[in-house]
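Single-structure report; data block below.
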Amino acid sequence: MMKEQVNQLEKLLAVLSIGLGVAIKHNAIEIDEAEQLLYSPSTMNKLNEIGAKKEMIELIHAGTELDDLQSLIPCELAKTLDSMENNALKFLTLSPTIHPQLEKWLNEYLAGETEYVMLKQA
């Protein structure tokens, strides 16, 4: 995967992480669903394989621990989600500007032809 593609994927995952955190905080989705969508060891491994930034892998790792946090220290969940959101926003702010062809990406995704790593997990 080319560096530009990795940058695009990282930005997309950061935005997805922010949305998942907001959805969890508002009880729109369960943590298990967020784990199926993004926060999994498999996602971390694939990001390592393509040379993703350490900050992105750490963000995903924090998401893999949400379920345990909710059951062991539920009062810390909202604080952790806020921290993850702040880290994702910082990541986006510091990331290089990309010029994705969103229409092309969306058409490929809908056609099932995308090469984005996160979509290969299924």
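Residue numbers (the working numbering): 1 to 122. Using N, Cα and C, we set each Cβ at its ideal position, and we do this for glycine too.
For my contact list, I50 and M84 are in at a C-beta cut-off of 8 Å; report their separation, rounded to the angstrom.
That pair is no contact at about 21 Å.
Using a Cβ-Cβ cut-off of 7 Å (strictly less than) and excluding sequence neighbours within five positions of P96, which residues of its own chain qualify?
N7
Cβ neighbour criterion (16 or more within 10 Å) applied to L119:
Confidence is the limiting factor: at L119 the pLDDT is only 46, short of 50, which leaves the residue's position unreliable and the question unanswerable from this model.
So is S17 buried or exposed if we call it buried at 16+ other beta carbons inside 10 Å?
buried
Answer yes or no: do L77 and L66 have a C-beta to C-beta separation smaller than 8 Å?
yes
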